[in-house]
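Visitor: Let me begin by handing over the structure; questions about it come next.
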Amino acid sequence: MTDFAEKAARNLARVREKKPLVHNITNYVVMNSTANALLSMGASPVMAHAANEVEEMVAIAGALVLNIGTLNDDWVAGMLRAAGKAGAMGKPIVLDPVGAGATQLRTVSARALIAEATPAVIRGNASEVLALGEGAAGTKGVDAIHSVDAAAGAARTLAREIGTVLAITGPEDLVTDGRRTVRVQNGHPLMSMVTGTGCMATAVTGAFLAVDEDPLRAAATALAYFGLAGEVASGQASAPGSYAVSLIDALFTITPEKLRAGVRIKEDR
Amino acid sequence: MTDFAEKAARNLARVREKKPLVHNITNYVVMNSTANALLSMGASPVMAHAANEVEEMVAIAGALVLNIGTLNDDWVAGMLRAAGKAGAMGKPIVLDPVGAGATQLRTVSARALIAEATPAVIRGNASEVLALGEGAAGTKGVDAIHSVDAAAGAARTLAREIGTVLAITGPEDLVTDGRRTVRVQNGHPLMSMVTGTGCMATAVTGAFLAVDEDPLRAAATALAYFGLAGEVASGQASAPGSYAVSLIDALFTITPEKLRAGVRIKEDR
Amino acid sequence: MTDFAEKAARNLARVREKKPLVHNITNYVVMNSTANALLSMGASPVMAHAANEVEEMVAIAGALVLNIGTLNDDWVAGMLRAAGKAGAMGKPIVLDPVGAGATQLRTVSARALIAEATPAVIRGNASEVLALGEGAAGTKGVDAIHSVDAAAGAARTLAREIGTVLAITGPEDLVTDGRRTVRVQNGHPLMSMVTGTGCMATAVTGAFLAVDEDPLRAAATALAYFGLAGEVASGQASAPGSYAVSLIDALFTITPEKLRAGVRIKEDR
Numbered sequence: 160m161t162d163f164a165e166k167a168a169r170n171l172a173r174v175r176e177k178k179p180l181v182h183n184i185t186n187y188v189v190m191n192s193t194a195n196a197l198l199s200m201g202a203s204p205v206m207a208h209a210a211n212e213v214e215e216m217v218a219i220a221g222a223l224v225l226n227i228g229t230l231n232d233d234w235v236a237g238m239l240r241a242a243g244k245a246g247a248m249g250k251p252i253v254l255d256p257v258g259a260g261a262t263q264l265r266t267v268s269a270r271a272l273i274a275e276a277t278p279a280v281i282r283g284n285a286s287e288v289l290a291l292g293e294g295a296a297g298t299k300g301v302d303a304i305h306s307v308d309a310a311a312g313a314a315r316t317l318a319r320e321i322g323t324v325l326a327i328t329g330p331e332d333l334v335t336d337g338r339r340t341v342r343v344q345n346g347h348p349l350m351s352m353v354t355g356t357g358c359m360a361t362a363v364t365g366a367f368l369a370v371d372e373d374p375l376r377a378a379a380t381a382l383a384y385f386g387l388a389g390e391v392a393s394g395q396a397s398a399p400g401s402y403a404v405s406l407i408d409a410l411f412t413i414t415p416e417k418l419r420a421g422v423r424i425k426e427d428r
Numbered sequence: 160m161t162d163f164a165e166k167a168a169r170n171l172a173r174v175r176e177k178k179p180l181v182h183n184i185t186n187y188v189v190m191n192s193t194a195n196a197l198l199s200m201g202a203s204p205v206m207a208h209a210a211n212e213v214e215e216m217v218a219i220a221g222a223l224v225l226n227i228g229t230l231n232d233d234w235v236a237g238m239l240r241a242a243g244k245a246g247a248m249g250k251p252i253v254l255d256p257v258g259a260g261a262t263q264l265r266t267v268s269a270r271a272l273i274a275e276a277t278p279a280v281i282r283g284n285a286s287e288v289l290a291l292g293e294g295a296a297g298t299k300g301v302d303a304i305h306s307v308d309a310a311a312g313a314a315r316t317l318a319r320e321i322g323t324v325l326a327i328t329g330p331e332d333l334v335t336d337g338r339r340t341v342r343v344q345n346g347h348p349l350m351s352m353v354t355g356t357g358c359m360a361t362a363v364t365g366a367f368l369a370v371d372e373d374p375l376r377a378a379a380t381a382l383a384y385f386g387l388a389g390e391v392a393s394g395q396a397s398a399p400g401s402y403a404v405s406l407i408d409a410l411f412t413i414t415p416e417k418l419r420a421g422v423r424i425k426e427d428r
Numbered sequence: 160m161t162d163f164a165e166k167a168a169r170n171l172a173r174v175r176e177k178k179p180l181v182h183n184i185t186n187y188v189v190m191n192s193t194a195n196a197l198l199s200m201g202a203s204p205v206m207a208h209a210a211n212e213v214e215e216m217v218a219i220a221g222a223l224v225l226n227i228g229t230l231n232d233d234w235v236a237g238m239l240r241a242a243g244k245a246g247a248m249g250k251p252i253v254l255d256p257v258g259a260g261a262t263q264l265r266t267v268s269a270r271a272l273i274a275e276a277t278p279a280v281i282r283g284n285a286s287e288v289l290a291l292g293e294g295a296a297g298t299k300g301v302d303a304i305h306s307v308d309a310a311a312g313a314a315r316t317l318a319r320e321i322g323t324v325l326a327i328t329g330p331e332d333l334v335t336d337g338r339r340t341v342r343v344q345n346g347h348p349l350m351s352m353v354t355g356t357g358c359m360a361t362a363v364t365g366a367f368l369a370v371d372e373d374p375l376r377a378a379a380t381a382l383a384y385f386g387l388a389g390e391v392a393s394g395q396a397s398a399p400g401s402y403a404v405s406l407i408d409a410l411f412t413i414t415p416e417k418l419r420a421g422v423r424i425k426e427d428r
């Protein structure tokens, strides 16, 4: 059984030591907050989306974050090019299928990205992730409809089909590669009152993927770290504006030792 | 005479109960802050602008927010498609003609959107709103040149011509459908020192339009609520950075009861 | 010898009096934070990037800020059009070559913008600025690789070749037009933990260029002002989330008198 608390601390320490360049092609809403999350944790964010430059950026990056939150055809083209390059170079990809299931453009684009180069991790809420497998399912915008628990069985099947790690976030997070399944219990309800916390979790996962060759471990420890930051922030702020500020602060102030002590990850037997 | 205080409280309570999906096609500057304003008040924001997905998103949304703050032809195409769909489905639209009068692209695009589907509400400063009727008027960027008072008569005429509610914000806000006119006196001078507060007021109006079938009432109560948040924030912060944070906090902490007590709306006789 | 402290105070006072319109064509990550920095200091920001409207916006602006942080071909076209118009009208341009040297698109685009209309000031880190002259140099994303000191000689040569002021920021900032060279010692290490502080420094430089006909003096005093804000913020906050908020606050609370007292600029002999 993996000692996730130990590995979480190690991953955070490695990010701060190596400052991996994390290449983000992400949505307009969260570009600033995900860049700040990555900087606060110790990584080096870069944003570049044009099809005619993404390959060069992927080549110098430690991980690629693809997020389809505000999409159009040009951005899909840039993402596909970046994914292809990352696949060819063996660089880890984390995909955030924001709003998959809500529109055809998003569902089809997410599937095309997966087909172009299998992501190491796909991070979304239950309805988004399950839409990747089951075809168009109604979704209320970017909110989670299906519960994490109800999704566990379907997620294991889908993870095996795609050959990826699915990280489904909710009140309790579920991370599975189809064989192993872990639950991450860190987090706080106020996180859902701040836009882009899911996208920030995805970006943090990208940074951990750059320093940990095991995608399930990278995803689970990243979600525990980000969830712990949410817990720490709740001690500083009780409304969404100040809470968002405290969340970025917490990513900075949490030490590997604090993380080791705060991780709450359970492995399914 | 409408009991605006009562209706404001009811609208806020309804948003928190129903969590309406508010579809925003808005400018890059304010995407994050308007999403956070909508979340903090209790609504569900979604951002989607591509012409080939906006109709699906409009179909599941409770209101459509169109904001032309950072425009190009592709975005106009997406906005027109979304407006047409919202018009066909009878979903309320609120238009924010940012910078209308400053450039031809903005003036022409705002008028084209109005022609495609009459917005329930148009929210802007006096120079932007009057540019929709009078043709190109010089404007100093996105700042108000004309006073709200000087604009009142012209606004009433224009509201009747378009068949919409005009919500002109300034030190005192003016809301008119051409027959009824109300003044909203909530607000605080620091609001003008934070980018996107006008755009946030527009988004908040969108959320109220999703739960109130009377556009004049929705607009007036939304501006009173947002202005009250600005007043509450001024008790927490006195410089623009921390004030912006407190403004988001206040949207969350204001209860329907506090709103009822704080509304300052006067009806013109 | 210029009395930079006196001129810094005068420039800040003039910005607050004249509220110059600063036209930004900048990257998605920092649109919100640079708009807020400009508002907080007393300027009037506007963002517009479409090739078919930028000339009208340049015509009413006091300065043009070009920032290539998230580029594609359409944005380059808009920037070139805006630069040409600014050049023809004699309006000052400040260029931020974010990531130049990291990809061909960025290096080539930055050079094309310089060729279209010579910027009054180019503000970047050492690796970005030197990439403009030396051809493609490896860069680790948007981080500084070369030290400011090592870059001083090359910068003087390059500034003369281009006929511009180079403002290279780092632990100590270097500002040179090839003949005169000054060092700006204001600033704080936490600034590098917040995304877009470099871009904000560029925007602040744009505002000072709108009120000061001497580009070297405008750039040096702008960097001193922004650096002092970073120092003031460090008295309010010690982690990046709250520090970013305090930085915007400080731009607002610093008076011309405080600035005069806090400026640390040294002229090379």
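Residue numbers (the working numbering), protein chains in the order written: chain A, 160 to 428; chain B, 160 to 428; chain C, 160 to 428.
Glycine included, C-beta positions come from ideal geometry on N, C-alpha and C.
(1) Rounded to whole angstroms, what is the Cα-Cα separation between B:A311 and B:L333?
(2) Only counting the same chain, and skipping five residues up and downstream in sequence, which positions put a Cβ closer than 7 Å to that of A:L368?
(3) So does the stretch 208 to 228 of chain C actually touch the stretch 394 to 410 of chain C, counting three or more Cβ pairs closer than 8 Å?
(4) Going along the chain, which unbroken runs of the beta strand (DSSP E) with 3 or more residues stay wholly within the stretch 370 to 407 of chain B?
(5) Which same chain residues end up closer than 6 Å to B:A194 when comparing Cβ atoms and leaving out the 5 residues on each side of it in sequence?
(6) Between B:L317 and chain A, is the shortest Cβ-Cβ distance under 9 Å, so that the two count as touching?
(7) Check the DSSP bridge columns for A:N226 and list the partner residues they point to.
(8) Taking only beta-carbon atoms, is B:M352 less than 9 Å away from chain C?
(9) Could you please give the first and the last residue of the uninterrupted beta strand (DSSP E) stretch that includes B:T335?
(10) Name, going along the chain, the residues of the stretch 407 to 427 of chain B whose beta-carbon falls closer than 9 Å to a beta-carbon of chain A.
(11) Determine the chain B residues that contact A:T323 at a beta-carbon separation under 9 Å, and present them in chain order.
(12) So what does DSSP say about B:I184, is it helix, strand or coil?
(13) Once DSSP output is grouped into helix, strand and coil, what is the label at A:P204?
(14) With a threshold of 8 Å (Cβ to nearest heavy atom), would A:A420 be considered close to the ligand GDP?
(15) List, in chain order, every chain B residue whose beta-carbon is nearer than 8 Å to that of C:N195.
(16) To the nearest angstrom, report how far apart C:E390 and A:R173 are at their CA atoms.
(17) Quick one: give me the first and last residue of the alpha helix (DSSP H) that C:K166 is part of.
(18) Would you say C:I125 lies against chain B (beta-carbon separation less than 9 Å)?
(19) Against B:S199, what residues of chain A qualify as contacts under a CB-to-CB distance less than 9 Å, listed in chain order?
(20) Using three-state DSSP, classify A:E214 as helix, strand or coil.
(21) For B:K250, name the three-state secondary structure that DSSP assigns.
(22) For C:K425, name the three-state secondary structure that DSSP assigns.
(23) Counting only beta-carbon atoms, is B:R265 nearer than 9 Å to chain C?
(24) Tell me which residues of the stretch 229 to 259 of chain B have at least one Cβ-Cβ distance to chain C shorter than 9 Å, keeping chain order.
(25) Pull up the distance between the alpha-carbon of A:S351 and that of B:S199, whole angstroms please.
(26) I'd like to check one pair, C:V341 with C:D255: are the Cβ atoms closer than 9 Å?
(27) Is there at least one Cβ from chain C nearer than 9 Å to B:T262's Cβ?
(28) What is the DSSP secondary structure of B:A209, reduced to helix, strand or coil?
(29) Whose Cβ in chain C lies nearer than 7 Å to the Cβ of B:N191?
(30) Return the CA-CA distance between B:A274 and B:A242, expressed in angstroms with no decimal places.
(31) With the cut-off set at 9 Å, would you say B:D408 and B:N170 are in Cβ contact?
(32) Excluding five sequence neighbours on each side, which residues of the same chain lie with their C-beta closer than 6 Å to the C-beta of B:V324?
(33) Flag this pair as yes or no: are the beta carbons of C:A383 and C:F163 separated by less than 9 Å?
(34) For A:R282, which three-state DSSP category applies?
(35) May I ask you to report which of helix, strand or coil DSSP gives A:V262?
(36) Counting only beta-carbon atoms, is A:H208 nearer than 9 Å to chain C?
Guide: Reading from the atomic positions:
(1) Within the second sequence, residue 311 of chain B is the residue found at index 152, counting from 1. Within the second sequence, residue 333 of chain B is the residue found at index 174, counting from 1. The straight-line gap from Cα to Cα measures roughly 7 Å.
(2) By one-based count along the first sequence, residue 368 of chain A stands at place 209. Within the same chain, A222, P251, V253, A279, V280, P374 and A377 come within 7 Å of A:L368 by CB-CB distance, once the 5 residues on both sides are set aside.
(3) Counting C-beta pairs closer than 8 Å gives fewer than three between the stretch 208 to 228 of chain C and the stretch 394 to 410 of chain C, which falls short of the contact rule.
(4) Whole beta strand (DSSP E) segments, 3+ residues: zero.
(5) Reading the second sequence from its first residue, position 35 is the one you call residue 194 of chain B. Taken in chain order, the residues that qualify are P204.
(6) Counted from its first residue, the second sequence places residue 317 of chain B at position 158. Chain A, which has no Cβ nearer than 9 Å to the Cβ of B:L317, makes this no.
(7) For the purposes of this step, residue 226 of chain A is taken as the residue at position 67 of the first sequence. For A:N226, which the question treats as bridged, DSSP gives the partners A:D255.
(8) Your numbering for residue 352 of chain B matches position 193 in the second sequence. The beta-carbon of B:M352 is placed less than 9 Å from the nearest beta-carbon of chain C.
(9) Here residue 335 of chain B refers to the residue found at position 176 when the second sequence is read from its first residue. That run of the beta strand (DSSP E) goes D332 to T335.
(10) Along the stretch 407 to 427 of chain B, going in chain order, the ones with a CB nearer than 9 Å to a CB of chain A are I407, D408, A409, L410, F411 and T412.
(11) For this step, residue 323 of chain A is matched to residue 164 along the first sequence. What A:T323 touches in chain B: nothing, since even the nearest Cβ is about 24 Å away.
(12) Looking up residue 184 of chain B in the second sequence gives position 25. Correct three-state label for B:I184: strand.
(13) As a working note, residue 204 of chain A is residue 45 in the first sequence. Here A:P204 sits in strand by DSSP.
(14) Although the ligand GDP was asked about, the structure shown includes no ligands whatsoever.
(15) In the third sequence, the residue the question calls residue 195 of chain C occupies position 36. Here the neighbours are V353, T354, P399, G400 and A403.
(16) What you label residue 390 of chain C is simply residue 231 of the third sequence in a count that begins at 1. What you label residue 173 of chain A is simply residue 14 of the first sequence in a count that begins at 1. Rounded to the nearest angstrom, the two C-alpha atoms are 29 Å apart.
(17) By one-based count along the third sequence, residue 166 of chain C stands at place 7. Its alpha helix (DSSP H) spans residues F163 to K177.
(18) Chain C is shown from 160 up to 428; residue 125 of chain C falls before or after that span and cannot be answered.
(19) In the second sequence, the residue the question calls residue 199 of chain B occupies position 40. Within chain A, the residues whose beta carbon sits less than 9 Å from that of B:S199 are M352, V353, A398, P399 and G400, listed in sequence order.
(20) By one-based count along the first sequence, residue 214 of chain A stands at place 55. Correct three-state label for A:E214: helix.
(21) Counting from one through the second sequence, the residue named residue 250 of chain B turns up at place 91. Here B:K250 sits in coil by DSSP.
(22) Counting from 1 along the third sequence, the entry for residue 425 of chain C is found at position 266. C:K425 carries a strand assignment under DSSP once its states are collapsed to helix, strand and coil.
(23) Here residue 265 of chain B corresponds to residue number 106 of the second sequence, with the count starting at 1. The beta carbon of B:R265 falls within 9 Å of a beta carbon belonging to chain C, placing the residue at that interface.
(24) Here the close residues are T229, L230, N231, D232, D233, W234 and G258.
(25) Residue 351 of chain A sits at position 192 when you count from the first residue of the first sequence. Residue 199 of chain B sits at position 40 when you count from the first residue of the second sequence. The straight-line gap from Cα to Cα measures roughly 10 Å.
(26) Mapped onto the third sequence, residue 255 of chain C falls at position 96. Mapped onto the third sequence, residue 341 of chain C falls at position 182. No, the Cβ-Cβ distance between C:D255 and C:V341 is not below 9 Å.
(27) Mapped onto the second sequence, residue 262 of chain B falls at position 103. Chain C, which has a Cβ nearer than 9 Å to the Cβ of B:T262, makes this yes.
(28) Mapped onto the second sequence, residue 209 of chain B falls at position 50. DSSP places B:A209 in coil when its eight states are reduced to three.
(29) Within the second sequence, residue 191 of chain B is the residue found at index 32, counting from 1. Per Cβ cutoff of 7 Å: N191.
(30) In the second sequence, residue 274 of chain B corresponds to position 115, counting from 1. In the second sequence, residue 242 of chain B corresponds to position 83, counting from 1. Computed Cα separation, rounded: 10 Å.
(31) For the purposes of this step, residue 408 of chain B is taken as residue 249 along the second sequence, with counting starting at 1. For the purposes of this step, residue 170 of chain B is taken as residue 11 along the second sequence, with counting starting at 1. Contact flag unset, no.
(32) As a first step, residue 324 of chain B is located in the second sequence; it is residue number 165 there, counting from the start. Shown here for B:V324: same chain residues with a beta carbon closer than 6 Å to its own, the five before and five after excluded, namely V280, D336, P374, L375 and A378 in chain order.
(33) If you number the third sequence from 1, residue 383 of chain C lands on position 224. If you number the third sequence from 1, residue 163 of chain C lands on position 4. At the C-beta level, C:A383 and C:F163 come within 9 Å of one another.
(34) Locating residue 282 of chain A in the first sequence gives position 123, where the first residue counts as 1. Strand, per DSSP.
(35) Residue numbering aside, residue 262 of chain A sits at position 103 when the first sequence is read from its first letter. First, the residue type needs correcting, since residue 262 of chain A is Thr and not Val in the sequence shown. Taken through DSSP and simplified to helix, strand or coil, A:T262 comes out as strand.
(36) Along the first sequence, read from residue 1 onward, the residue named residue 208 of chain A stands at position 49. Flagged as an interface residue toward chain C: A:H208, by a C-beta distance shorter than 9 Å.
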